[in-house]
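Report on the following structure.
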Amino acid sequence: MWRVLSENLLRGPRTMKGPGVGNAAATELAGKLDALARKRLGRSLSIREVDAGSCNGCELEIHALNNPFYDLERFGLRFVASPRHADVLLVTGPVTHNMVEALKRTYNATPDPKWVVAVGDCAANCGVFAASYACAGAVADIIPVDLHIKGCPPTPVQLLEGLLALLQAAAGRMPAR
Amino acid sequence: MDAENSLHEFLKGASAVADHRPWPRVVVDAAGWRALVDRLATADWSLLGLWGDRSDAGSASVHLALRDESADAADGIAVVTLLCPQGRFPSLAAARPGAQRLERMLADLFGIVADGAGDVRPWLDHGQWPVHRPLGESVGAERRAATDYAFLPVEDAEGSDSARIHQIPVGPVHAGVIEPGHFRFHVNGELVVRLEQRLGYVHKGIEKLMVGKAPAEAARIAARISGDSAVAHGVAFARAVEAAAGIDAPARAHWLRAIMAELERIANHVFDIGAICNDATFPLLLAELTVLREKTLRVAADCFGHRLMMDRIVPGGVTADLDAAGIAGLRALIAELGPRFKHLMRVYDDKPSLLDRTVGTGITRAALVHRFGAGGYVGRAAGRGQDARRNPSYPPYGDLDFAVPVMAEGDVNARLWIRAKEVEASLDLLRQLLDGLPAGPIVSELPMRSGEGMALVEAFRGEVLTWVRLGADGRIERCHPRDPSWFQWPLLEAAIDGNIVADFPLCNKSFNCSYSGHDL
Numbered sequence: 000m001w002r003v004l005s006e007n008l009l010r011g012p013r014t015m016k017g018p019g020v021g022n023a024a025a026t027e028l029a030g031k032l033d034a035l036a037r038k039r040l041g042r043s044l045s046i047r048e049v050d051a052g053s054c055n056g057c058e059l060e061i062h063a064l065n066n067p068f069y070d071l072e073r074f075g076l077r078f079v080a081s082p083r084h085a086d087v088l089l090v091t092g093p094v095t096h097n098m099v100e101a102l103k104r105t106y107n108a109t110p111d112p113k114w115v116v117a118v119g120d121c122a123a124n125c126g127v128f129a130a131s132y133a134c135a136g137a138v139a140d141i142i143p144v145d146l147h148i149k150g151c152p153p154t155p156v157q158l159l160e161g162l163l164a165l166l167q168a169a170a171g172r173m174p175a176r
Numbered sequence: 000m001d002a003e004n005s006l007h008e009f010l011k012g013a014s015a016v017a018d019h020r021p022w023p024r025v026v027v028d029a030a031g032w033r034a035l036v037d038r039l040a041t042a043d044w045s046l047l048g049l050w051g052d053r054s055d056a057g058s059a060s061v062h063l064a065l066r067d068e069s070a071d072a073a074d075g076i077a078v079v080t081l082l083c084p085q086g087r088f089p090s091l092a093a094a095r096p097g098a099q100r101l102e103r104m105l106a107d108l109f110g111i112v113a114d115g116a117g118d119v120r121p122w123l124d125h126g127q128w129p130v131h132r133p134l135g136e137s138v139g140a141e142r143r144a145a146t147d148y149a150f151l152p153v154e155d156a157e158g159s160d161s162a163r164i165h166q167i168p169v170g171p172v173h174a175g176v177i178e179p180g181h182f183r184f185h186v187n188g189e190l191v192v193r194l195e196q197r198l199g200y201v202h203k204g205i206e207k208l209m210v211g212k213a214p215a216e217a218a219r220i221a222a223r224i225s226g227d228s229a230v231a232h233g234v235a236f237a238r239a240v241e242a243a244a245g246i247d248a249p250a251r252a253h254w255l256r257a258i259m260a261e262l263e264r265i266a267n268h269v270f271d272i273g274a275i276c277n278d279a280t281f282p283l284l285l286a287e288l289t290v291l292r293e294k295t296l297r298v299a300a301d302c303f304g305h306r307l308m309m310d311r312i313v314p315g316g317v318t319a320d321l322d323a324a325g326i327a328g329l330r331a332l333i334a335e336l337g338p339r340f341k342h343l344m345r346v347y348d349d350k351p352s353l354l355d356r357t358v359g360t361g362i363t364r365a366a367l368v369h370r371f372g373a374g375g376y377v378g379r380a381a382g383r384g385q386d387a388r389r390n391p392s393y394p395p396y397g398d399l400d401f402a403v404p405v406m407a408e409g410d411v412n413a414r415l416w417i418r419a420k421e422v423e424a425s426l427d428l429l430r431q432l433l434d435g436l437p438a439g440p441i442v443s444e445l446p447m448r449s450g451e452g453m454a455l456v457e458a459f460r461g462e463v464l465t466w467v468r469l470g471a472d473g474r475i476e477r478c479h480p481r482d483p484s485w486f487q488w489p490l491l492e493a494a495i496d497g498n499i500v501a502d503f504p505l506c507n508k509s510f511n512c513s514y515s516g517h518d519l
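Which chain is which? The protein sequence lines are A and B, in order. Each residue of the first sequence is one higher than the one before, starting from 0 at the first, in numbering that gives the first Met the number 0. Each residue of the second sequence is one higher than the one before, starting from 0 at the first, in numbering that gives the first Met the number 0.
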């Protein structure tokens, strides 16, 4: 173990430089956040992830955000265990009928101000599961959505771009509208 | 075992169906089915799958896939079909408990009822769908409350409302970044008296979505049955379609599929080993092992154009070829991962405080593993050495040399070490695959014809079974993918018995069953 630790100290961090903010994401966010919320939250957001029907591909890439390459926490973004502690709900999957109730309850349990980020193509339009009797719809059909991050699944870099756009908006440093 | 007790001998008199490949499918009558159920009480025939079907005329049937474990290699597998015009069939659950949840699924999706089943509660149908029996004679459904489910009661000497027994409801939305499902714990102090699972939350109607799709289109759905097994489910689906259409993929495609499958196995195993250690509050190994996972996924993306290698496998072959740069990247990955992984496993083995949490925790007994026919590391950590790459085997694994590690302890530590040994075996397989990669085309044309096919493929979790029937237009008439999780989830309920609540995350992660793969 000490060898691993000392190697890491000598080599320096693996962490890559953060990506810029995706324009598409910034545009979608524009106008959705009120000034008060930005002031209150500053540069720190707590995220509660909700799988509302995903194939677990999106979850794998969301997990990757915590690995030493992407290290999400350095941006003040961290995953929390309860919606009561969350500012952001990160929702994946086509929303299955069997998850509608749980998703709504999670949304209602999250205190205001809050944002919802729909992650992945399924969350945006049900993806390959569209038109199934078992799917209630996209995330935006069930709860209000502030930002979509596309991809099947989105790569960690795409996820970072989207979340940084959200963070900047929340910190009151929105790109020009 | 002598030949007269073999599965094929038993089924000899039954009428075989033409155009079912590569293993036979026979149709039995009700008496034949009952005789089979009786024989299962003593025979060493493991349950591979149980699924429903419906003919164009609307008559229902059930298909049962069995493997004679005493037979050699591919010879021991058969599918047995019972037509059930009344929508009923004698239950298998008493003889093969792994059938129980599959029977509950049959009732939910097809309205086919298992007579004599002990548990008739709905399983995937939570009363939220707009229809009942979506794959059978579907009718509009009345909704019931999502929380309406009768969990099994627990009682002690004070009766069922004993003040000593408490319930802990967990989920469907869990504390971590995990898939949704409900766990109902009954606890006496810190000790778990009973764990009961309620699954089905991520049921997406995959079997119905597949119906009527062209194979190439349905392959995109197959890759998303369980995202962490995109390659394994993709290969199982492709192989089943190829068997049904009576073709074989080109040799190079088989080898490329195996390269992707072993990359997927490594990426999942290293991540899960790290996550188990993290659940025992040792995050250093999670950080180090997720670095190995990330490097693996980046090489996968460089070689095949997608980090999880989704949509690279199609019926007939693969869509992405490997060039010289890709091969060099893979060789560099193998050279780096091997020693690093070995060193990190030594760190694990040197930490008594970590081993204290994993050794002797969450034991699955060999007898249960065999009764449920559980595969993968869950089975192999408890003495059941089944691996589809070995038996029945499929190309290119017959040309490769690899060990299938087996241990007897059945605890969290054993499941972790089986995975560790499989990582090393997979790295060695990758070396052999790169050395022997044949030249040639990577995809064969799929003829437009009818037929039935089945495939068994070893995912990182265990054995995936996929069964397909193609119509005359070459489209999917029926597809049933059975994830290994079906026979592993029930064992998690048994493994946690008598353990403390705080050890549940360790047990759960050491199983890491798929919710999406199970819920379909």
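Ideal Cβ positions, reconstructed from N, Cα and C, are used throughout, including at glycine.
- Taking 8 Å as the cut-off, the Cβ atoms of B:Leu-415 and B:Thr-357 count as close.
- Taking a Cβ-Cβ threshold of 8 Å, none of the residues of chain A is close to B:His-268; the smallest such distance is about 13 Å.
- With contacts defined by Cβ atoms closer than 8 Å, A:Ser-53 and A:Thr-91 form a contacting pair.
- With contacts defined by Cβ atoms closer than 8 Å, B:Leu-46 and B:Gly-328 do not form a contacting pair.
- The way I'd put it, the stretch 335-346 of chain B doesn't touch the stretch 250-264 of chain B; fewer than three beta-carbon pairs between them come closer than 8 Å.
- With its beta carbon at least 8 Å from every one in chain B, A:Leu-159 lies outside the interface.
- The beta-bridge partner set that DSSP reports for A:Phe-74 is empty.
- Taking the CA atoms as reference points, A:Leu-76 sits about 16 Å from A:Leu-146.
- Taking all protein chains shown into account, B:Glu-451 has 16 or more neighbouring C-beta atoms within 10 Å of its C-beta and is therefore buried.
- Taken in chain order, the whole alpha helix (DSSP H) runs of length 4 or more contained in the stretch 93-142 of chain A are 96-108, 120-124.
- B:Glu-189 carries a coil assignment under DSSP once its states are collapsed to helix, strand and coil.
- Taken through DSSP and simplified to helix, strand or coil, B:Gln-196 comes out as strand.
- B:Ile-224 has a beta carbon lying within less than 8 Å of a beta carbon in chain A.
- Using a CB distance cut-off of 8 Å, A:Thr-109 does not count as an interface residue toward chain B.
- Contact between the stretch 341-354 of chain B and the stretch 313-329 of chain B is absent, with fewer than three C-beta pairs closer than 8 Å.
- The C-beta of A:Leu-9 has fewer than 16 other C-beta atoms within 10 Å across all chains shown, which makes the residue exposed.
- Annotation: A:Arg-73 to A:Gln-167 spans about 14 Å, alpha carbon to alpha carbon.
- Taking a 10 Å sphere around the C-beta of B:Ala-162, we find fewer than 16 other C-beta atoms and assign the residue as exposed.
- The C-beta distance from B:Ala-106 to B:Val-36 rounds to 18 Å, too long to meet the 8 Å contact threshold.
- Here DSSP, grouped into helix, strand and coil, assigns B:Thr-295 to helix.
- For B:Val-346, the enclosing alpha helix (DSSP H) has its first and last residue at 323-348.
- One Cα belongs to B:Val-467, the other to B:Ser-515, and the distance between them is close to 20 Å.
- At a Cβ-Cβ threshold of 8 Å, A:Ala-133 and B:Trp-128 count as neighbours.
- B:Tyr-393 and B:Gly-461 have their C-alpha atoms spaced approximately 15 Å apart.
- Residues of chain B whose Cβ lies closer than 9 Å to the Cβ of A:His-84 do not exist, since the nearest Cβ in that chain is about 11 Å away.
- Of all residues in the stretch 55-73 of chain A, only Asn-55, Gly-56, Cys-57, Glu-58, Leu-59, Glu-60, Ile-61, His-62, Ala-63, Asn-65, Asn-66, Pro-67, Phe-68 place a beta-carbon less than 8 Å from a beta-carbon of chain B.
- DSSP places B:Trp-254 in the uninterrupted alpha helix (DSSP H) bounded by 250-278.
- For B:Pro-440, same chain residues with a beta-carbon under 6 Å away, outside a window of 5 residues either side, are Pro-249 in chain order.
- Apart from the 5 residues on each side of it in sequence, B:Glu-136 sits with its Cβ closer than 8 Å to the Cβ of Gly-57, Gly-110 in its chain, given in chain order.
- Judged by their CB atoms, A:Cys-121 and A:Pro-153 are not nearer to each other than the 8 Å cut-off.
- Per the C-alpha coordinates, the member of A:Trp-1, A:Asn-66, A:Asn-55 positioned closest to A:Pro-12 is A:Asn-66.
- Only exposed fits A:Met-15, as fewer than 16 other CB atoms lie within 10 angstroms of its CB.
- The alpha-carbon separation between B:Gly-51 and B:Phe-503 amounts to approximately 34 Å.
- For the pair A:Leu-159 and B:Ala-218, the Cα-to-Cα distance works out to about 29 Å.
- Just measuring C-alpha positions, the residue of A:Glu-58, A:Leu-44, A:Ser-5 sitting nearest B:Asn-267 is A:Glu-58.
- For B:Asp-43, no alpha helix (DSSP H) segment is defined, and its DSSP state is neither H nor E.
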